[in-house]
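Protein sequence lines, in the order shown, are assigned to chains A and B. Quick note on numbering: the first sequence equals residues 24 to 261 in the numbering used here. Quick note on numbering: the second sequence equals residues 24 to 261 in the numbering used here. The structure under discussion appears below in the form of C-alpha cells.
Protein chains: 2
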Amino acid sequence: MTEHIVSAYTDELEALSADILRMGGLAEAMTGDACEATVKSDDTLATMVVARDADVDALEADIERRIIEIIARRQPLARDLREVLSALKIANELERVGDLAKNIAKRAGVLEGFARRDVLKGIDRMGRAVTAQLSGVLDAFRNRDPARATKFWISDEDVDQLYNSYFREVLTYMIEDPRTIGDCAHILFMAKNLERIGDHATNIAEMIYFSVTGDYLSADDRPKADELPSPMDEGTPL
Amino acid sequence: MTEHIVSAYTDELEALSADILRMGGLAEAMTGDACEATVKSDDTLATMVVARDADVDALEADIERRIIEIIARRQPLARDLREVLSALKIANELERVGDLAKNIAKRAGVLEGFARRDVLKGIDRMGRAVTAQLSGVLDAFRNRDPARATKFWISDEDVDQLYNSYFREVLTYMIEDPRTIGDCAHILFMAKNLERIGDHATNIAEMIYFSVTGDYLSADDRPKADELPSPMDEGTPL
Numbered sequence: 024m025t026e027h028i029v030s031a032y033t034d035e036l037e038a039l040s041a042d043i044l045r046m047g048g049l050a051e052a053m054t055g056d057a058c059e060a061t062v063k064s065d066d067t068l069a070t071m072v073v074a075r076d077a078d079v080d081a082l083e084a085d086i087e088r089r090i091i092e093i094i095a096r097r098q099p100l101a102r103d104l105r106e107v108l109s110a111l112k113i114a115n116e117l118e119r120v121g122d123l124a125k126n127i128a129k130r131a132g133v134l135e136g137f138a139r140r141d142v143l144k145g146i147d148r149m150g151r152a153v154t155a156q157l158s159g160v161l162d163a164f165r166n167r168d169p170a171r172a173t174k175f176w177i178s179d180e181d182v183d184q185l186y187n188s189y190f191r192e193v194l195t196y197m198i199e200d201p202r203t204i205g206d207c208a209h210i211l212f213m214a215k216n217l218e219r220i221g222d223h224a225t226n227i228a229e230m231i232y233f234s235v236t237g238d239y240l241s242a243d244d245r246p247k248a249d250e251l252p253s254p255m256d257e258g259t260p261l
Numbered sequence: 024m025t026e027h028i029v030s031a032y033t034d035e036l037e038a039l040s041a042d043i044l045r046m047g048g049l050a051e052a053m054t055g056d057a058c059e060a061t062v063k064s065d066d067t068l069a070t071m072v073v074a075r076d077a078d079v080d081a082l083e084a085d086i087e088r089r090i091i092e093i094i095a096r097r098q099p100l101a102r103d104l105r106e107v108l109s110a111l112k113i114a115n116e117l118e119r120v121g122d123l124a125k126n127i128a129k130r131a132g133v134l135e136g137f138a139r140r141d142v143l144k145g146i147d148r149m150g151r152a153v154t155a156q157l158s159g160v161l162d163a164f165r166n167r168d169p170a171r172a173t174k175f176w177i178s179d180e181d182v183d184q185l186y187n188s189y190f191r192e193v194l195t196y197m198i199e200d201p202r203t204i205g206d207c208a209h210i211l212f213m214a215k216n217l218e219r220i221g222d223h224a225t226n227i228a229e230m231i232y233f234s235v236t237g238d239y240l241s242a243d244d245r246p247k248a249d250e251l252p253s254p255m256d257e258g259t260p261l
C-alpha cells in the first residue's frame, strides 16, 4: 500500500514535469512563430500565436492547482519540496514568456504596412537566439542537468548583446527617416520583449540549478550586459 | 505545548507579512524616488535607488527561504497554504518592481544632459499614479481586504491609459526633433517600466484576492487597455 502511494506520488511529479515541458514547448513555439509572423508579415500566424496564449495560461492555472494539492497531500521535504516549488515558479516564468510572445504577435499586426522589411532582420536574429536559449533551458529541465542550465544561463549575455546592438540600429533608422518613428518604436518594444524572454529563460535556468543542487547561481558570476540596455548618451562608449 | 507551537507559527506568519510589507514599502519608495530623480535630474537620488535594489533582493531571498521552511515544518493546509504560497508570489512580484525602479533610476542618469525637461512631466504623472496603486495594494495586503484589492486591480486601467497617451506624446517629440530620438527612446522604456510596475501591483491584487477568498479575479471583468500599448498605425483610432 505504501509502495502504491509512493508510486502514485512519483506519477504526479512526472505528470507535473511533463506538463511544464508542454508549457515550455508552447511558449517556445509562440516566441518563434511571433517572430516569423513579424518578419513575413503573416497575419494568420500572428492571430494563432495570440490565441495560443490562452492554452499557456490554462496550463499554468492547472499546474498551480496541482502543486498546491501535492504540497497539501504529500507534504514533500528537502529536494522534493524544492522541486515542487521550482515547478511553480518555472510555470510562472513560462506564462510570462507566453504573454511577451503574444505581445510581439499583436505588434506584428500593427507593422503590416511597414515598408522597411530589412529593419526586421534583427527580430529574426534575436528570435532565433532566444528560442535556442529557451530550448536549451527546457532540455536542462527535462534532464535535471545543472551544468546545461548554467550553460544557457551564461548565454543570456549573447542575447543581451544582440539586443543592445539592434536597439542602436533601429534608432539610426528612426533618425534617418522620422516617418518610421511610430513603427520603429514598436520594433524597439518587440526587441525588448525578446530580451525579456531571454531573462525569463535565465530565471528558469537558475531555478533548475537551485532545485537540483540546493545552491544559488550567483549573479556575480555573469557579466550582465542588459542592466542598462544601450546607454545612448553619446559620450558613453557602448 | 501545542498552544505554544501554534502561537510560534502565528508569529512566523506575522513576521512574514511584516517583511513583505517592508519589501513593498521599499519597492514603492524606489519607484517614487526613481521618478523624482528623473524629473529633477538628481544623480545622488538615482544612485541611492540603484543601491537599494540589493536590499529588496536580499529580503526576497530571505522571505523565500523562510516560506520553504514554514511549508516543510508546519505543513499548512487550505487558506494557510494559500496565504503562504501567495506570500511567495507577492515577494517575487515586489522583487520585479524593485528591478524596474532600478532600471528607471539608471536611465535617469543617462538623461541628465537632456534639455527638454517638459517631456518628463509624463514620468512624474505616471510615477504618482503607479505609487498610489502600489500603496493601495499594500494596504489591501495588510488588511487582507479583497474589496480594496479589487479597487486597485481595476485602477490599473488608468495607468494603462496614462501610458498610452504619454507614449503618443513622446513620439511627437521624437518626430519634431530627431536629435531627441535617443533620449526619448529611453523615456519610452521608462514609461513602459512604470506601466509594468502597475501590472505587478495588479498581479499582487489578484494574489491577495485569491489568498483571502480562494477565488480568482477574472481578467474578463476588467477592460485591459495595455494589451497592445498604443497601436500606432495611423488608421486605428486610439
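For glycine and all other residues, C-beta sits at the position ideal for the given N, C-alpha and C. Note that the structure is a prediction, hence the values are computed from the model and not measured.
{"Query": "Of the listed residues A:T173, A:N115, A:G150, A:D78, nearest to D238 (chain A) (C-alpha basis)", "Result": "A:T173"}
{"Query": "Buried/exposed call for L261 (chain B), threshold 16 Cβ in 10 Å", "Result": "For L261 (chain B), the pLDDT reaches just 24, beneath the cut-off of 50, and the residue's location in the model is therefore unreliable, leaving the point undetermined."}
{"Query": "Residues of its chain near S109 (chain A), where Cβ-Cβ distance is below 8 Å and the 5 sequence neighbours each way are ignored", "Result": "M230, I231, F233, S234"}
{"Query": "Presumed contact (8 Å Cβ cut-off) between Q156 (chain A) and A214 (chain A), rounded CB distance", "Result": "About 15 Å separates the two Cβ atoms, so there is no contact after all."}
{"Query": "For D222 (chain B), the first and last residue of its enclosing alpha helix (DSSP H)", "Result": "204-236"}
{"Query": "Distance, E35 (chain B) Cα to A152 (chain A) Cα", "Result": "44 Å"}
{"Query": "Through-space distance from E118 (chain A) to R75 (chain A), alpha-carbon basis", "Result": "11 Å"}
{"Query": "CB contact check: K63 (chain B) to chain A, cutoff 9 Å", "Result": "no"}
{"Query": "S30 (chain A) versus I43 (chain A) - alpha carbon distance", "Result": "20 Å"}
{"Query": "Runs of alpha helix (DSSP H) wholly within the stretch 130-167 of chain A (minimum 4 residues, chain order)", "Result": "144-165"}
{"Query": "Helix, strand or coil at Q98 (chain B) [DSSP, three-state]", "Result": "coil"}
{"Query": "Stretch-stretch touch, CB-based, cutoff 8 Å, three pairs: the stretch 158-173 of chain A with the stretch 182-193 of chain A", "Result": "no"}
{"Query": "Beta carbon proximity, P254 (chain B) to chain A, threshold 9 Å", "Result": "Its pLDDT being 40, under 50, P254 (chain B) is placed unreliably in this model, and the value from its coordinates should be taken loosely. For P254 (chain B), the answer is yes, since a Cβ of chain A falls inside 9 Å of its Cβ."}
{"Query": "Inter-residue Cα distance where the pair is G258 (chain B) and D179 (chain B)", "Result": "The predicted model places G258 (chain B) with a pLDDT of 29, which falls under 50 and marks its position as unreliable; any figure quoted below should be read in that light. Each residue's alpha carbon lies about 26 Å from the other."}
{"Query": "Inter-residue Cα distance where the pair is D222 (chain A) and L123 (chain A)", "Result": "12 Å"}
{"Query": "Rounded straight-line distance, which links the Cα of E83 (chain A) to that of R148 (chain A)", "Result": "29 Å"}
{"Query": "DSSP-derived helix/strand/coil call for D80 (chain B)", "Result": "helix"}
{"Query": "Proximal residues of chain B, C-beta to C-beta of A95 (chain A) below 7 Å", "Result": "L100, L104"}
{"Query": "Assigned exposure category for T54 (chain B) - 16 Cβ within 10 Å defines buried", "Result": "buried"}
{"Query": "Other residues of its chain near R89 (chain A): CB distance less than 7 Å, five sequence neighbours each side excluded", "Result": "L39"}
{"Query": "Segment contact flag, the stretch 202-216 of chain A with the stretch 127-135 of chain A, C-beta cutoff 8 Å, min 3 pairs", "Result": "yes"}
{"Query": "E64 (chain B), DSSP secondary structure in three states", "Result": "For the record, residue 64 (chain B) in the displayed sequence is Ser; it is not Glu. Reduced to three states, the DSSP call for S64 (chain B) is coil."}
{"Query": "Close Cβ partners of D56 (chain A) (< 6 Å) along its chain, the five nearest in sequence each way excluded", "Result": "L68, V72"}
{"Query": "With 16 other Cβ atoms within 10 Å as the buried cut-off, status of K112 (chain B)", "Result": "buried"}
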